[in-house]
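Asks: Below are the structure tokens for one structure; questions will follow.
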Amino acid sequence: MAVQPLDLPSALRTLANHWAMLARDYARDGKLAEDKDPARAQYLRGVAEGYYKAATDLANQLKRAEARGTVAPAPESVSAAPAGLYAHIPMGDVLRMFSDAGTSPRDVFPRDDGTYTAVFSKWEPVQPHERVPAMRQVEPRVVILGQGKAKDSGDPTIDFAFKA
Numbered sequence: 489m490a491v492q493p494l495d496l497p498s499a500l501r502t503l504a505n506h507w508a509m510l511a512r513d514y515a516r517d518g519k520l521a522e523d524k525d526p527a528r529a530q531y532l533r534g535v536a537e538g539y540y541k542a543a544t545d546l547a548n549q550l551k552r553a554e555a556r557g558t559v560a561p562a563p564e565s566v567s568a569a570p571a572g573l574y575a576h577i578p579m580g581d582v583l584r585m586f587s588d589a590g591t592s593p594r595d596v597f598p599r600d601d602g603t604y605t606a607v608f609s610k611w612e613p614v615q616p617h618e619r620v621p622a623m624r625q626v627e628p629r630v631v632i633l634g635q636g637k638a639k640d641s642g643d644p645t646i647d648f649a650f651k652a
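So the mapping is simple: the numbering used here equals the position in the sequence shown, first residue as 1, plus 488.
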């Protein structure tokens, strides 16, 4: 079935998500095969990395096209609370949320307005697309303000806050 022009951005987002899921599955299979067949495990990790890079490149191209106004913007997946209405949470509770979600940021930077930026290692076993749902499951007050990559290292980042 041919994709209509109006459906193309949505279809491309779906494709990027599909590739990200394949990357996760191949990475998992690579970990499982490590003891039995190291060569196959290395191959599977390489396939996972390829899918991950393809998914992130496609997603970045879509973001650039949206910024230029040549593609309809992605539907907003989170409803951000108005500025100034974020709860100030102790850093210990923030770090516990990440621990309970099964992920561990390399750094967490708090701001005076109640927002935070978390920087993760790009080699962490939790995939970037898995972090946000895990965070929301553990802490329903979390508001995701943005995701991206650190300019200097290329490591994944999440900007977030907590609803008051």
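The beta-carbon is built from N, C-alpha and C at its ideal position, and this holds for glycine as well. Please read these numbers as outputs of a predicted model, since none were measured by experiment.
For D545, name the three-state secondary structure that DSSP assigns.
Replies: Along the sequence shown, read from residue 1 onward, the residue named residue 545 stands at position 57. Correct three-state label for D545: helix.
Asks: Label P723 either buried or exposed according to how many other C-beta atoms from any shown protein chain fall within 10 Å of its C-beta, with 16 as the threshold for buried.
Replies: In the structure displayed, the chain extends from 489 to 652; residue 723 sits before or after that span and is not available.
Asks: What is the residue span of the alpha helix (DSSP H) that D588 lies within?
Replies: In the sequence shown, counting from the first residue as 1, residue 588 sits at position 100. Where D588 is concerned, the enclosing alpha helix (DSSP H) stretches over 579-588.
Asks: Have a look at G602 and L633 and give me their C-alpha separation to the nearest angstrom.
Replies: Within the sequence shown, the letter at position 114 stands for residue 602. Within the sequence shown, the letter at position 145 stands for residue 633. G602 and L633: Cα-Cα distance of roughly 12 Å.
Asks: Going straight from the alpha carbon of R619 to that of D600, what length do you get?
Replies: The sequence position of residue 619 within the sequence shown is 131, counting from 1. The sequence position of residue 600 within the sequence shown is 112, counting from 1. Distance between the alpha carbons of R619 and D600 is about 24 Å.
Asks: Residues in the same chain with beta-carbon distance under 8 Å from L546, minus the five sequence neighbours each way, listed in chain order, please.
Replies: Here the question's residue 546 lines up with position 58 in the sequence shown. Excluding residues within five positions, the ones whose Cβ falls inside 8 Å are L500, L503, A504, W507.
Asks: Roughly how many angstroms lie between the CA atoms of P497 and N548, to the nearest whole one?
Replies: Numbered from 1 along the sequence shown, position 9 holds the residue referred to as residue 497. Numbered from 1 along the sequence shown, position 60 holds the residue referred to as residue 548. Cα to Cα, P497 sits roughly 12 Å from N548.
Asks: Taking the alpha carbon of A606 as the reference point, which residue from A555, A649, A542 has its own alpha carbon closest?
Replies: Stepping through the sequence shown from its first residue, residue 606 is reached at position 118. A606 has its Cα closest to that of A649, out of A555, A649, A542.
Asks: Out of S641, R556, H617, A529, point me to the one whose CA is closest to R512's CA.
Replies: Taking the sequence shown and counting its residues from 1, the one referred to as residue 512 is at position 24. Among S641, R556, H617, A529, the Cα nearest to that of R512 is on H617.
Asks: Note the first and the last residue of the continuous beta strand (DSSP E) segment covering Q635.
Replies: In the sequence shown, the residue the question calls residue 635 occupies position 147. Segment 630-637, the beta strand (DSSP E) holding Q635.
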